[in-house]
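Undergrad:
Protein chains: 2
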Amino acid sequence: DVSPLTLNRLCLYLRSLRRLEADGVSRISSQDLARRFNLSAAQIRKDLAQFGAFGIRGAGYDVSPLIERLDSILRLDRRHPVIVVGMGNLGSALACYLGFNHGSFEVVAGVDNDPGRVGREVGGFRIEHTDHLARVVRDSGAEIGVLAVPAKAAQQNYDLLVEAGIRGVLNFAPTRVQPVPEVPLKDVDLRIHLEELAYFLPPSDTD
Amino acid sequence: DVSPLTLNRLCLYLRSLRRLEADGVSRISSQDLARRFNLSAAQIRKDLAQFGAFGIRGAGYDVSPLIERLDSILRLDRRHPVIVVGMGNLGSALACYLGFNHGSFEVVAGVDNDPGRVGREVGGFRIEHTDHLARVVRDSGAEIGVLAVPAKAAQQNYDLLVEAGIRGVLNFAPTRVQPVPEVPLKDVDLRIHLEELAYFLPPSDTD
Ligand SMILES: NC(=O)c1ccc[n+]([C@@H]2O[C@H](COP(=O)([O-])OP(=O)(O)OC[C@H]3O[C@@H](n4cnc5c(N)ncnc54)[C@H](O)[C@@H]3O)[C@@H](O)[C@H]2O)c1
Ligand SMILES: NC(=O)c1ccc[n+]([C@@H]2O[C@H](COP(=O)([O-])OP(=O)(O)OC[C@H]3O[C@@H](n4cnc5c(N)ncnc54)[C@H](O)[C@@H]3O)[C@@H](O)[C@H]2O)c1
Chain A
1204 DVSPLTLNRL CLYLRSLRRL EADGVSRISS QDLARRFNLS AAQIRKDLAQ FGAFGIRGAG
1264 YDVSPLIERL DSILRLDRRH PVIVVGMGNL GSALACYLGF NHGSFEVVAG VDNDPGRVGR
1324 EVGGFRIEHT DHLARVVRDS GAEIGVLAVP AKAAQQNYDL LVEAGIRGVL NFAPTRVQPV
1384 PEVPLKDVDL RIHLEELAYF LPPSDTD
Chain B
1204 DVSPLTLNRL CLYLRSLRRL EADGVSRISS QDLARRFNLS AAQIRKDLAQ FGAFGIRGAG
1264 YDVSPLIERL DSILRLDRRH PVIVVGMGNL GSALACYLGF NHGSFEVVAG VDNDPGRVGR
1324 EVGGFRIEHT DHLARVVRDS GAEIGVLAVP AKAAQQNYDL LVEAGIRGVL NFAPTRVQPV
1384 PEVPLKDVDL RIHLEELAYF LPPSDTD
């Protein structure tokens, strides 16, 4: 099994390699990759070797084959259909965003309990009512659920998603959701991205 | 200087410690903290010792003082006012979210170029027009800018924020923005959270 932090590093390597490929770079050394992340080249070699991805000694890694290898390790070489619960501001932004950026995640359905939103078309599908969640999960083939509801509605919607047969849940609501062992839950807090930026801010006159 | 990945770990430790504190835990060993992250206790001790945060041998770390120490290292012990450029779905969700969760980040202003949105009240302020961005940054004291505009408007709004005296920018638009050295830029892609979840999904019948 891979630790969450190794996984985080692999996702970052993949993002960086995709950029290199877009810029036309076909090979990169572990030193160059390390410099981009302020990491040691040994850490990168160790991470990649753990999955049998070995560079050519002295010449580095071939970018495209390494991308394919990481895609397969991270299970991104297959399609993951997503359902969004709560089609307000955040849910709508996610549905549109995942609609345009063709990657392995695609929002295939969205539900809400506000009758005023039900029936609207967003990101290529019509919003349905949460009362029909089980049917919508079955018909859409959704595998991952995203909670974009207010905090007080998060637990109940996680439980409904589990009952409907969802395989994993991403939670944006600022509250603790009690997961069941078979359905992994990951909390997202966008503040963590602000925290990482805040550290690198140049000093201000009031610091 | 701290590497982005060390910084990422420190933010994760802080989040975990805040949860422990909320649960009434006053002391934790590096082993217990390591188990939560699937890390080695040595890695945690090394990370924390780098900043002079030493545990009590055999007894671990006092949770509240360690939180204060990490808050100060990560510069979260002070207020960081934020301005959002692009008050559509994502921008509005962020403005409301940072309004309710009292932490060190607070959205103090928002601008948009759609006259239909200008003047609306969101998250405790009125949306202004991007033509007045320089004045709004000055009057609000905003230190961090968030780009929640379409990809084609990202670079020009980064440049406008720099001219207005912003100190750092968080970019959600799916495009490469060329930063200037004095104003750090961090890209955010919510897919990275989905990628980390996808790895942990239980196997399905089609895998
Ligand atoms: N984690 C983060 O970084 C982050 C960032 C922004 C917002 N948020 C959170 O995401 C959530 C959504 O934020 P938003 O700005 O989109 O709010 P919003 O009010 O615009 O959207 C919430 C939607 O959920 C629907 N809803 C409410 N109760 C429901 C229920 N029981 N079942 C189904 N749908 C229900 C509402 O009708 C609405 O459409 C909030 O909890 C907010 O705090 C988190
Ligand atoms: N990185 C991620 O994970 C992620 C997730 C969701 C959305 N996004 C991106 O965030 C951006 C916003 O998404 P959204 O769903 O809120 O879209 P939206 O259309 O709801 O909002 C965009 C807002 O920007 C305003 N705008 C357009 N051009 C502008 C300009 N030149 N100056 C100022 N304001 C301008 C529009 O009037 C609108 O209010 C998009 O680029 C989207 O791709 C990224």
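Top line first, the protein sequences correspond to chains A and B. Each residue of the first sequence is one higher than the one before, counting from 1204 in this note's numbering. Each residue of the second sequence is one higher than the one before, counting from 1204 in this note's numbering. Here a beta-carbon is modelled for each residue, glycine too, at the ideal position from N, C-alpha and C.
#1: Name the two residues that bound the continuous beta strand (DSSP E) containing residue 1309 of chain B.
#2: Answer yes or no: do residue 1348 of chain A and residue 1371 of chain A have a C-beta to C-beta separation smaller than 9 Å?
#3: Tell me residue 1389 of chain B's beta-bridge partners as DSSP assigns them.
#4: Run down chain B in chain order and give the residues with a C-beta less than 7 Å from the C-beta of residue 1385 of chain A.
#5: What does residue 1331 of chain B pair with, by DSSP beta-bridge criteria?
#6: Helix, strand or coil: how does DSSP classify residue 1284 of chain B here?
#7: Which residues share a DSSP beta bridge with residue 1321 of chain B?
#8: I'd like the list of long-range same chain contacts for residue 1387 of chain A, defined as Cβ closer than 6 Å, with 5 residues on each side in sequence excluded.
#9: Give the residues of chain B in contact with residue 1355 of chain A, contact being defined as C-beta atoms less than 8 Å apart.
#10: Once the 5 residues before and after residue 1230 of chain A are set aside, which same chain residues still bring their CB inside 8 Å of it?
#11: For a cutoff of 9 Å on Cβ pairs, would you count residue 1377 of chain A as touching chain B?
#12: Who pairs with residue 1259 of chain A in a beta bridge, going by DSSP?
#13: My output table needs one value for residue 1336 of chain A: the three-state DSSP class, helix, strand or coil.
#14: Taking Cβ positions only, does residue 1207 of chain A come closer than 9 Å to chain B?
#15: When DSSP labels each residue in this structure, what does residue 1411 of chain A get in the three-state scheme?
#16: Given this structure, state the Cα-to-Cα distance separating residue 1397 of chain A from residue 1356 of chain A, to the nearest angstrom.
#17: Counting only the same chain and skipping the five closest in sequence on each side, list residues whose C-beta sits under 7 Å from that of residue 1376 of chain A.
#18: Please confirm whether residue 1284 of chain B and residue 1344 of chain B have their CB atoms less than 9 Å apart.
#19: For ligand 2, is there a heavy atom less than 8 Å away from the beta-carbon of residue 1375 of chain B?
#20: Does any CB atom of chain B fall closer than 9 Å to the CB of residue 1360 of chain A?
#21: Going by CA-CA distance only, name the one from B:1289, B:1392 and B:1237 that's closest to residue 1325 of chain B.
#22: For a test of the three-state rule: what should DSSP assign to residue 1218 of chain B, helix, strand or coil?
#23: Does the CB of residue 1343 of chain B have a neighbour CB from chain A at under 9 Å?
#24: Let me know the secondary structure DSSP gives residue 1230 of chain B once reduced to three states.
#25: With respect to 8 Å, is the separation between the Cβ of residue 1351 of chain B and the closest non-hydrogen atom of ligand 1 below this value?
#26: Are the CB atoms of residue 1300 of chain B and residue 1301 of chain A within a distance shorter than 9 Å?
#27: At the 9 Å Cβ level, is residue 1328 of chain B part of the contact set with chain A, yes or no?
#28: How about residue 1272 of chain B: is its C-beta nearer than 9 Å to some C-beta of chain A?
#29: Is there contact here, the stretch 1302-1322 of chain A with the stretch 1244-1264 of chain A, by at least three beta-carbon pairs under 8 Å?
#30: Pick out whichever of A:1206, A:1400, A:1215 and A:1205 has its Cα sitting closest to the Cα of residue 1308 of chain B.
#31: Ends of the alpha helix (DSSP H) at residue 1253 of chain A?
#32: So the alpha helix (DSSP H) residue 1365 of chain B belongs to, where does it begin and stop?
#33: Any Cβ of chain A within less than 9 Å of the Cβ of residue 1231 of chain B?
TA: In brief:
#1: By one-based count along the second sequence, residue 1309 of chain B stands at place 106. Per DSSP, residue 1309 of chain B belongs to the beta strand (DSSP E) from 1308-1315.
#2: Numbered from 1 along the first sequence, position 145 holds the residue referred to as residue 1348 of chain A. Numbered from 1 along the first sequence, position 168 holds the residue referred to as residue 1371 of chain A. Yes. Within cutoff.
#3: Residue 1389 of chain B sits at position 186 when you count from the first residue of the second sequence. In the DSSP output, where bridge partners are listed per residue, residue 1389 of chain B has B:1373.
#4: The residue given as residue 1385 of chain A occupies position 182 in the first sequence. Simply 1405.
#5: Within the second sequence, residue 1331 of chain B is the residue found at index 128, counting from 1. Residue 1331 of chain B is bridged to B:1314.
#6: Against the second sequence, residue 1284 of chain B aligns to sequence position 81. Here residue 1284 of chain B sits in strand by DSSP.
#7: As a first step, residue 1321 of chain B must be located in the second sequence, where it is residue number 118. When beta bridges are read from the DSSP output, residue 1321 of chain B appears opposite no residue.
#8: Looking up residue 1387 of chain A in the first sequence gives position 184. Counting only Cβ-Cβ distances below 6 Å, and skipping sequence neighbours, we find 1371.
#9: Within the first sequence, residue 1355 of chain A is the residue found at index 152, counting from 1. What residue 1355 of chain A touches in chain B: nothing, since even the nearest Cβ is about 13 Å away.
#10: The residue you call residue 1230 of chain A lines up with position 27 of the first sequence. 1262, 1263, 1264, 1265 and 1266, listed in sequence order.
#11: On the first sequence, residue 1377 of chain A is found 174 positions in, with the first residue counted as 1. Yes, residue 1377 of chain A counts as interfacial toward chain B.
#12: Looking up residue 1259 of chain A in the first sequence gives position 56. DSSP lists A:1263 as partners of residue 1259 of chain A.
#13: Locating residue 1336 of chain A in the first sequence gives position 133, where the first residue counts as 1. The answer is helix: DSSP assigns residue 1336 of chain A an H, G or I state.
#14: Mapped onto the first sequence, residue 1207 of chain A falls at position 4. By this cut-off, residue 1207 of chain A is an interface position.
#15: The shown model of chain A, from 1204 to 1410, leaves out residue 1411 of chain A, and the question about it has no answer.
#16: The residue labelled residue 1397 of chain A in the question sits at position 194 within the first sequence. The residue labelled residue 1356 of chain A in the question sits at position 153 within the first sequence. Each residue's alpha carbon lies about 26 Å from the other.
#17: Stepping through the first sequence from its first residue, residue 1376 of chain A is reached at position 173. Answer for residue 1376 of chain A: 1350, 1352, 1353, 1354 and 1357, listed in chain order.
#18: Position 81 of the second sequence, counting from 1, holds the residue named residue 1284 of chain B. Position 141 of the second sequence, counting from 1, holds the residue named residue 1344 of chain B. Cβ distance < 9 Å, so residue 1284 of chain B and residue 1344 of chain B count as in contact.
#19: Here residue 1375 of chain B refers to the residue found at position 172 when the second sequence is read from its first residue. It does: the Cβ of residue 1375 of chain B is within 8 Å (strictly closer) of some heavy atom of ligand 2.
#20: Position 157 of the first sequence, counted from the first residue, corresponds to residue 1360 of chain A. By this cut-off, residue 1360 of chain A is not an interface position.
#21: Locating residue 1325 of chain B in the second sequence gives position 122, where the first residue counts as 1. Of B:1289, B:1392 and B:1237, the residue nearest in Cα terms is B:1289.
#22: The residue given as residue 1218 of chain B occupies position 15 in the second sequence. In the structure shown, residue 1218 of chain B sits in a helix (DSSP, three-state: H, G or I).
#23: The count along the second sequence starts at 1 and reaches residue 1343 of chain B at position 140. Chain A contact via Cβ: absent.
#24: Indexing the second sequence from 1 puts residue 1230 of chain B at position 27. Strand.
#25: As a first step, residue 1351 of chain B is located in the second sequence; it is residue number 148 there, counting from the start. False, no ligand heavy atom lies under 8 Å from that Cβ.
#26: Position 98 of the first sequence holds residue 1301 of chain A. Position 97 of the second sequence holds residue 1300 of chain B. Taking 9 Å as the Cβ cut-off, residue 1301 of chain A and residue 1300 of chain B do not qualify as a contacting pair.
#27: Position 125 of the second sequence, counted from the first residue, corresponds to residue 1328 of chain B. No, because no Cβ of chain A sits closer than 9 Å to the Cβ of residue 1328 of chain B.
#28: Locating residue 1272 of chain B in the second sequence gives position 69, where the first residue counts as 1. Answer no: the Cβ-Cβ gap between residue 1272 of chain B and chain A never drops below 9 Å.
#29: no
#30: As a working mapping, residue 1308 of chain B is identified with position 105 in the second sequence. If we check each option's Cα against that of residue 1308 of chain B, A:1400 comes out closest.
#31: Position 50 of the first sequence, counted from the first residue, corresponds to residue 1253 of chain A. Neither: residue 1253 of chain A is in no alpha helix (DSSP H) and is coded neither H nor E.
#32: For the purposes of this step, residue 1365 of chain B is identified with residue 162 of the second sequence, where counting begins at 1. Run containing residue 1365 of chain B: 1357-1366, per the alpha helix (DSSP H) assignment.
#33: Position 28 of the second sequence, counting from 1, holds the residue named residue 1231 of chain B. It does not; no Cβ of chain A falls within 9 Å.
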